[in-house]
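Residue numbers (our numbering), protein chains in the order written: chain A, 31 to 141; chain B, 973 to 1088. Just so you know, even glycine gets a beta-carbon here, dropped at the ideal spot from N, CA and C. From a predicted model like this one, the values you see are computed outputs, not experimental measurements. All remarks here apply to the structure that follows.
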Amino acid sequence: GENVEQHPSTLSVQEGDSAVIKCTYSDSASNYFPWYKQELGKGPQLIIDIRSNVGEKKDQRIAVTLNKTAKHFSLHITETQPEDSAVYFCAARDNTDKLIFGTGTRLQVFP
Amino acid sequence: GAGVSQSPSNKVTEKGKDVELRCDPISGHTALYWYRQRLGQGLEFLIYFQGNSAPDKSGLPSDRFSAERTGESVSTLTIQRTQQEDSAVYLCASSPWGRGGGGELFFGEGSRLTVL
């Protein structure tokens, strides 16, 4: 089955700096890769996603890149703000339609 | 409109007791997922319902865990003879996407289970 690895587990950045979170997946048949943000005491919320026929997608300060050959994808947050502080999860949809999540990255943005 | 609703939000139980957790998905969503999140950990897949198809139970950790869903509505996750390692937040998510369609999952706020 699909296995998703995520790094780093924690990330601290200064406000205004960029943050990058990386994930790798194992199942070459996976074709959908979302990123979720989880704030304390809440359920995860989708912030951006990418499908396997696209290499990059951008939405304001966040972007996701996908390298199908290497089976890895990354989340980029530019001009970070304190409200970006949260836990971020990557995920991959496997060939049985399940969404398999990475282990999460706790991002702290210091003012 | 209402989002995914889970109950109870908090449950404290004694080891060995059975618990039932409930999920009300967004109306019209055909897909429903249960995940477990231990403290400070990632989301562990438990079970996936898609319309009237047989559920994918491949993530259930033991036969003490079971889940049901009535059509495309409410789902209950039952844990029998609870153990301390069952302590976690149980998250339910629903999606309007059919099989193979991909797409966003909408999560509830979870049911926090503490087994003493």
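Cutoff 8 Å: residue i Cβ touching any chain B Cβ
i, result
"A/Thr99", "no"
"A/Lys128", "yes"
"A/Lys88", "no"
"A/Gly85", "no"
"A/Lys52", "no"
Coarse secondary structure for residue i, derived from DSSP in three states
i, result
"A/Glu35", "strand"
"A/Asp47", "coil"
"B/Asp1035", "coil"
"B/Gln1052", "coil"
"B/Glu1057", "helix"
"A/Ile78", "strand"
"A/Asp57", "coil"
Beta-carbon proximity list for residue i, same chain, < 8 Å, skipping 5 on both sides
i, result
"B/Ser981", "Glu1081, Gly1082, Ser1083 and Arg1084"
"A/Ser39", "Thr133, Gly134, Thr135 and Arg136"
"A/Phe131", "Val34, Tyr66, Phe119, Cys120 and Ala121"
"B/Leu1088", "Val984, Thr985, Glu986, Lys987 and Gln1056"
Paired residues, beta bridge with residue i - DSSP
i, result
"A/Pro112", "In DSSP, A/Pro112 forms no bridge with anything."
"B/Ala1003", "B/Gln1022 and B/Ser1067"
"B/Gln949", "Because chain B in this structure spans residues 973 to 1088, residue 949 of chain B falls outside the shown range and cannot be described."
Cβ neighbours of residue i in the same chain (closer than 7 Å, five flanking residues each side left out)
i, result
"B/Leu1015", "Tyr1007, Gln1009 and Leu1063"
"A/Arg123", "Ser60, Asn61, Tyr62 and Leu129"
Any chain A beta carbon closer than 8 Å to residue i
i, result
"B/Phe1017", "yes"
"B/Glu1081", "yes"
"B/Asp996", "no"
"B/Asp990", "no"
"B/Glu1076", "yes"
"B/Leu1063", "yes"
Sequence-distant residues of the same chain with beta carbon closer than 6 Å to residue i, five excluded per side
i, result
"A/Gln44", "Phe140"
"A/His37", "Lys52"
"B/Arg994", "Ser979 and Thr1048"
"A/Leu76", "Pro64 and Tyr66"
Boundaries (first-last residue) of the beta strand (DSSP E) holding residue i
i, result
"A/His102", "His102 to Ile107"
"B/Glu1076", "Run containing B/Glu1076: none; DSSP gives neither H nor E here."
"A/Lys67", "Tyr62 to Gln68"
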